[in-house]
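Trainee: Which chain is which? The protein sequence lines are A and B, in order.
Sequential numbering from 1 applies to the first sequence in this note's numbering.
Sequential numbering from 1 applies to the second sequence in this note's numbering.
Here's a structure for you.
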Amino acid sequence: MTKRARYACGSMDHALNRRRFLGASGLVGAAGLLGGVASLSSKVAGAIPKNDYRVVVFNMHGGLSQLESWDPKPSTNTGGPFRAIPTSVPGIHISELLPKTAKQMHHLCLLRGVNTAEDDHGKGAYMMLTGRRQTPAAEYPQVGSVAAKMLHDDQTGLPGHIIITPGGGGGRGNEAAYLGPKFNSIHLGGDKPPLNSNKPDAIADDAEARRHLLRRKINEQYLSQRRSAITDAYTHSYEQALKLMERREVFDVSKEPQAAQDKYGSSELGRQCLVARRLLENGVSFIQITHSNYDTHNDNFNFHIEQVGEFDLAYATFIEDLAERGMLEKTLVVVLSEFGRTPNINLYYGRDHWSKAWSVAMAGAKVVQGAAFGQTNKEGTEVVDGQVDHGDIFHTILRGVGVDSSQSLIVDGRELPIADPAAEPIWKVLV
Amino acid sequence: MIDLDVTKSHVVHQWKADSPLIACRISPTGDQCVSTSQDNQLQRWNVANGDKVMLQGHESWVHAMTYSKTGDELISGGCEGRLIWWSIQDAQPKAIRMVEAHSGWIRGVELSPDGGMLVSVGNDQVVRLWKSDTGEKLHEWPAHERHIYSAAFHPDGQHLLTGDLLGKICVWKLADRTLVRTLDAATLYSPNKGQNAEFGGVRSLAISPNGNEVYAAGTHKGSNPFGAVHEPLLLRFTWSDGALTKSHVCDGIPGGLLYRTVAINDATLAAVSGGSTGGILLFFNATQEKEFHRSGLPSLARDMDIHVGKGLVATAHFDQHLRISAMFA
Numbered sequence: 001m002t003k004r005a006r007y008a009c010g011s012m013d014h015a016l017n018r019r020r021f022l023g024a025s026g027l028v029g030a031a032g033l034l035g036g037v038a039s040l041s042s043k044v045a046g047a048i049p050k051n052d053y054r055v056v057v058f059n060m061h062g063g064l065s066q067l068e069s070w071d072p073k074p075s076t077n078t079g080g081p082f083r084a085i086p087t088s089v090p091g092i093h094i095s096e097l098l099p100k101t102a103k104q105m106h107h108l109c110l111l112r113g114v115n116t117a118e119d120d121h122g123k124g125a126y127m128m129l130t131g132r133r134q135t136p137a138a139e140y141p142q143v144g145s146v147a148a149k150m151l152h153d154d155q156t157g158l159p160g161h162i163i164i165t166p167g168g169g170g171g172r173g174n175e176a177a178y179l180g181p182k183f184n185s186i187h188l189g190g191d192k193p194p195l196n197s198n199k200p201d202a203i204a205d206d207a208e209a210r211r212h213l214l215r216r217k218i219n220e221q222y223l224s225q226r227r228s229a230i231t232d233a234y235t236h237s238y239e240q241a242l243k244l245m246e247r248r249e250v251f252d253v254s255k256e257p258q259a260a261q262d263k264y265g266s267s268e269l270g271r272q273c274l275v276a277r278r279l280l281e282n283g284v285s286f287i288q289i290t291h292s293n294y295d296t297h298n299d300n301f302n303f304h305i306e307q308v309g310e311f312d313l314a315y316a317t318f319i320e321d322l323a324e325r326g327m328l329e330k331t332l333v334v335v336l337s338e339f340g341r342t343p344n345i346n347l348y349y350g351r352d353h354w355s356k357a358w359s360v361a362m363a364g365a366k367v368v369q370g371a372a373f374g375q376t377n378k379e380g381t382e383v384v385d386g387q388v389d390h391g392d393i394f395h396t397i398l399r400g401v402g403v404d405s406s407q408s409l410i411v412d413g414r415e416l417p418i419a420d421p422a423a424e425p426i427w428k429v430l431v
Numbered sequence: 001m002i003d004l005d006v007t008k009s010h011v012v013h014q015w016k017a018d019s020p021l022i023a024c025r026i027s028p029t030g031d032q033c034v035s036t037s038q039d040n041q042l043q044r045w046n047v048a049n050g051d052k053v054m055l056q057g058h059e060s061w062v063h064a065m066t067y068s069k070t071g072d073e074l075i076s077g078g079c080e081g082r083l084i085w086w087s088i089q090d091a092q093p094k095a096i097r098m099v100e101a102h103s104g105w106i107r108g109v110e111l112s113p114d115g116g117m118l119v120s121v122g123n124d125q126v127v128r129l130w131k132s133d134t135g136e137k138l139h140e141w142p143a144h145e146r147h148i149y150s151a152a153f154h155p156d157g158q159h160l161l162t163g164d165l166l167g168k169i170c171v172w173k174l175a176d177r178t179l180v181r182t183l184d185a186a187t188l189y190s191p192n193k194g195q196n197a198e199f200g201g202v203r204s205l206a207i208s209p210n211g212n213e214v215y216a217a218g219t220h221k222g223s224n225p226f227g228a229v230h231e232p233l234l235l236r237f238t239w240s241d242g243a244l245t246k247s248h249v250c251d252g253i254p255g256g257l258l259y260r261t262v263a264i265n266d267a268t269l270a271a272v273s274g275g276s277t278g279g280i281l282l283f284f285n286a287t288q289e290k291e292f293h294r295s296g297l298p299s300l301a302r303d304m305d306i307h308v309g310k311g312l313v314a315t316a317h318f319d320q321h322l323r324i325s326a327m328f329a
């Protein structure tokens with residue numbers, strides 16, 4: 001079971017999310033019934049041409065402070081104790097907590113004018129990952145599921161949608177909505193292959209083969225009369241698990257040279273980044289890495305020293321590594337949260353939830369490099385230029401990996417735009 | 001000499017700065033106090049009338065300060081890693097010396113008992129000793145594996161104590177900078193796995209004037225560190241053998257952290273608690289597990305200093321006020 005990070009504010013959304021998650025994980029055996037409800041009889045129309053682009057999302061769980069990262073305001077009432085430092089791009093300064101990232105700024109594009117107007121953890125996360133506001137009328141797929149659908153090549157033998165999160169152990173998520181359970185995520189806990197993905201020694205190879213032969217034969221009999229999206233997903237899950245078992249070594253960072261392991265550092269996040277690079281090399285289309293936790297209502301600065309410091313080494317190494325290997329040209333790396341943190345510093349040296357003016361960072365693929373788009377005012381309380389929201393960012397992520405975000409999918413005869421038609425890509429940051 | 005009665009503690013003055021306050025120190029004569037604030041500035045206050053003079057020179061917040069033995073100079077340590085010596089008695093104090101002393105935050109600056117030596121500690125995990133009148137660096141050594149939060153000279157003038165995030169207190173022999181022993185204050189470290197948070201630390205160290213006891217202050221029970229749910233804790237150790245003799249806890253302060261503790265005399269200890277429960281002055285003795293007196297402050301406090309001779313307590317507050325309390329009726 002995936003361990004979810006605890007928030008400080010005790011929001012009900014977290015409890016709801018947990019129930020939703022438990023509901024989904026309890027249905028693993030049924031191949032994600034919840035996720036498949038809308039697609040029971042769906043046929044996604046048209047063959048989507050695949051490309052070799054990839055997406056990596058760093059989800060800074062709890063709400064990374066933009067002032068302690070991408071948009072510092074030193075020597076102001078809201079700036080806090082940290083200074084801004086120059087980067088490899090003249091004129092762009094970021095927090096001194098990111099010294100290694102500063103040296104990779106020429107690969108990055110900062111969006112400093114994000115205004116999502118939603119200060120609730122669950123709703124904010126939903127918006128950032130689906131590009132839409134939550135509504136009871138519809139469930140939308142997360143960007144990972146969309147990317148897996150649009151980009152992933154099943155021939156890799158690996159899942160197209162992987163979430164690496166503290167405590168993750170191989171279960172499936174529930175993010176695909178109408179795209180169907182095939183595009184739900186597989187959760188990894190870190191630098192090890194998914195749990196239970198090795199064949200027990202007590203089972204001989206020939207016995208294993210006979211078991212699967214029997215399963216397939218029974219499946220075929222059943223499917224010949226009662227085939228559905230659910231049964232297809234069920235079959236797919238088994239076959240995908242078998243392929244994954246054959247490729248377990250991809251998840252094992254101990255296969256990397258010691259120098260590479262040292263470079264990424266000893267933190268869990270560093271090892272997760274190294275796994276992510278190996279997964280990208282082996283054709284996984286979407287990886288989300290959760291870095292937890294930034295919900296720092298109390299002692300924000302001490303916590304950000306620890307957390308951002310850990311992030312800086314792992315992230316900067318990851319970006320540099322992808323660039324050196326020529327992979328960054330085809331990989332879009334996004335650093336996002338559910339929101340930012342208040343410019344106001346509260347009684348306990350904390351910062352609270354703030355969605356009106358915060359930042360997202362992108363790097364690679366079709367996104368311009370070495371740029372900062374958008375601007376907040378002197379104390380970081382409002383966006384004064386280049387305002388964008390979750391919908392715009394969702395479009396931009398898809399466009400950034402060569403997907404036409406204005407297209408629609410046909411599900412159950414209904415035309416469903418893959419991104420919110422009311423938003424549009426941030427054209428100025430796309431090449 | 002004032003006849004101290006801490007149970008009669010009450011606020012006698014309050015003056016407002018331009019920004020939330022962080023730290024404060026009272027001069028050796030007790031007629032002056034310096035505070036620091038979130039706008040990177042320092043304020044010198046006349047305790048008699050509240051007259052204020054601003055000091056500018058740091059590029060970041062200042063958590064650490066000490067007066068020189070004579071009170072002619074003030075040495076401040078900033079989160080940019082800079083030590084500044086100020087001519088604090090001048091009509092307009094000037095920075096007479098600046099030293100880029102540490103990489104990252106300076107969290108503690110203390111003066112040796114004879115006033116000749118200064119110690120600075122911080123996030124770079126290095127202890128640095130300075131000649132207090134010239135700023136000449138005397139010694140430095142990597143001392144801890146995590147951020148160093150606090151330091152204190154033993155009254156014997158032969159030993160230095162340093163405390164870190166993990167609750168490890170190191171006792172150093174000043175003559176050769178060797179580690180004499182460690183004191184276990186790990187209960188002041190409150191990691192929270194659910195939040196992936198490391199929290200706590202030896203926020204303050206103090207030693208009884210007779211040198212027989214060591215006090216370490218901070219917080220424990222960090223059930224929700226991100227939400228400011230944690231309780232104050234003060235640990236009492238015997239100097240001779242490093243044994244923990246008492247853990248002073250405080251009832252009814254679910255959101256509290258002891259930012260500083262100061263020994264008033266060999267029998268009485270003061271501490272200030274900030275946090276979601278508010279600002280509270282707490283007074284402890286050796287016989288009672290819990291505080292024998294508490295005095296509520298009008299706003300959340302972040303630091304405290306005491307002038308024993310004049311019976312005064314200075315507290316630095318989030319609501320931008322410096323408050324002076326009297327520890328007598």
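Backbone N, C-alpha and C define an ideal beta-carbon position, used for all residues, glycine too.
#1: Does the ligand ADP have a heavy atom nearer than 7 Å to the CB of L416 of chain A?
#2: Look at the alpha carbon of L183 of chain B and the alpha carbon of L165 of chain B, and state the distance between them as a whole number of angstroms.
#3: Can you tell which of B:T315, B:I324, B:I306 has its C-alpha closest to the C-alpha of P28 of chain B?
#4: Cα separation between D319 of chain B and C109 of chain A?
#5: If you measure beta-carbon to beta-carbon, which residues of the region 301-326 of chain A are closer than 9 Å to chain B?
#6: Leaving out five residues before and five after G115 of chain B in sequence, what residues of the same chain have Cβ atoms less than 8 Å from its Cβ?
#7: Alpha carbon to alpha carbon, how far is I203 of chain A from Q407 of chain A? Give it in angstroms, no decimals.
#8: Which whole-angstrom value describes the C-beta separation of V202 of chain B and A270 of chain B, a residue pair presumed to lie in contact below a C-beta threshold of 8 Å?
#9: Kindly confirm or deny that the region 291-305 of chain A and the region 251-267 of chain A touch, where touching means at least three C-beta pairs closer than 8 Å.
#10: Can you tell me where the alpha helix (DSSP H) holding V147 of chain A begins and where it ends?
#11: Taking the runs of the beta strand (DSSP E) that are 3 residues or longer, which of them lie wholly in the region 278-327 of chain A?
#12: Taking DSSP as the reference, what is the three-state secondary structure of H434 of chain A?
#13: On the CB-based measure, 16 or more other CB atoms within 10 Å of its CB, does E213 of chain B come out buried or exposed?
#14: Which partner residues of L111 of chain B appear in the DSSP bridge assignment?
#15: Shorter than 8 Å from the beta carbon of G227 of chain B to some beta carbon of chain A?
#16: According to DSSP, is V388 of chain A helix, strand or coil?
#17: For D39 of chain B, which residues in chain A fall below 7 Å Cβ to Cβ?
#18: Can you tell me whether D389 of chain A is buried or exposed, with buried defined as 16 or more other CB within 10 angstroms of its CB?
#19: Going along the chain, which residues of the region 52-73 of chain B sit with their C-beta nearer than 8 Å to a C-beta in chain A?
#20: With a threshold of 16 other CB atoms inside 10 Å of the CB of K16 of chain B, please say whether the residue is buried or exposed.
#21: Classify F292 of chain B: buried if its beta carbon has 16 or more other beta carbons within 10 angstroms, exposed otherwise.
#22: May I have the straight-line CA-CA distance separating T376 of chain A from S65 of chain A, to the nearest angstrom?
#23: How is K290 of chain B classed by DSSP in three states: helix, strand or coil?
#24: Excluding the 5 residues preceding and the 5 following T219 of chain B in the sequence, name in chain order all residues of the same chain whose CB lies nearer than 8 Å to its CB.
#25: What would DSSP say about H102 of chain B, mapped onto helix, strand or coil?
#26: Scan the region 2-89 of chain B and note each continuous beta strand (DSSP E) run of 3 residues or more that stays entirely inside, going in chain order.
#27: Considering Cα atoms alone, identify which of B:L235, B:S295, B:S240 is closest to N210 of chain B.
#28: Using the rule of at least 16 other Cβ atoms within 10 Å of the residue's Cβ for burial, across every protein chain shown, is M127 of chain A buried or exposed?
#29: Roughly how many whole angstroms lie between the Cα atoms of T162 of chain B and K137 of chain B?
#30: Does DSSP put N192 of chain B in a helix, in a strand, or in coil?
#31: Using a C-beta to C-beta distance shorter than 7 Å, which residues of chain B count as neighbours of Y348 of chain A?
#32: Please list, in chain order, all residues of the same chain as L22 of chain A whose beta carbon is under 6 Å from its beta carbon, the five residues on each side excluded.
#33: Taking beta-carbon pairs under 8 Å, can you tell me which members of the region 78-99 of chain B lie near chain A?
#34: Please state the DSSP three-state secondary structure of G23 of chain A.
#35: What is the C-beta distance between N293 of chain A and Q195 of chain B, in whole angstroms, given that I count them as a contact (C-beta under 8 Å)?
#36: Compare the C-beta of Q14 of chain B against all C-beta atoms of chain A and say whether one is closer than 8 Å.
Mentor: Taking the geometry as given:
#1: Questions concerning the ligand ADP fall outside what the structure shown contains, since it holds no ligand whatsoever.
#2: 13 Å
#3: B:I306
#4: 38 Å
#5: F301, N302, F303, I305, E306, Q307
#6: S68, K69, T70, S132
#7: 48 Å
#8: Contact doesn't hold; Cβ gap of about 17 Å is too wide.
#9: no
#10: The sequence shown places Ala at residue 147 of chain A, not Val. 143-151 is the span of the alpha helix (DSSP H), which, as asked, contains A147 of chain A.
#11: 286-292
#12: Any property of residue 434 of chain A remains undetermined from this structure, which presents chain A solely from 1 to 431.
#13: buried
#14: B:L118
#15: yes
#16: strand
#17: N77
#18: buried
#19: E59, S60, W61
#20: exposed
#21: exposed
#22: 14 Å
#23: strand
#24: L188, S190, F199, G200, R203, H230, E231, P232, L233, G256, L257, L258, G275
#25: coil
#26: 10-16, 21-26, 32-37, 42-46, 52-55, 62-67, 73-78, 82-87
#27: B:S240
#28: buried
#29: 18 Å
#30: strand
#31: A228, G275, S276
#32: Here L22 of chain A scores only 29 on pLDDT, less than 50, and its place in the model is too uncertain to base an answer on.
#33: C79, E80
#34: For G23 of chain A, the predicted structure reports a pLDDT of 30, less than 50, and the residue's modelled location is therefore unreliable. A value from the coordinates is still provided. It is helical.
#35: 5 Å
#36: no
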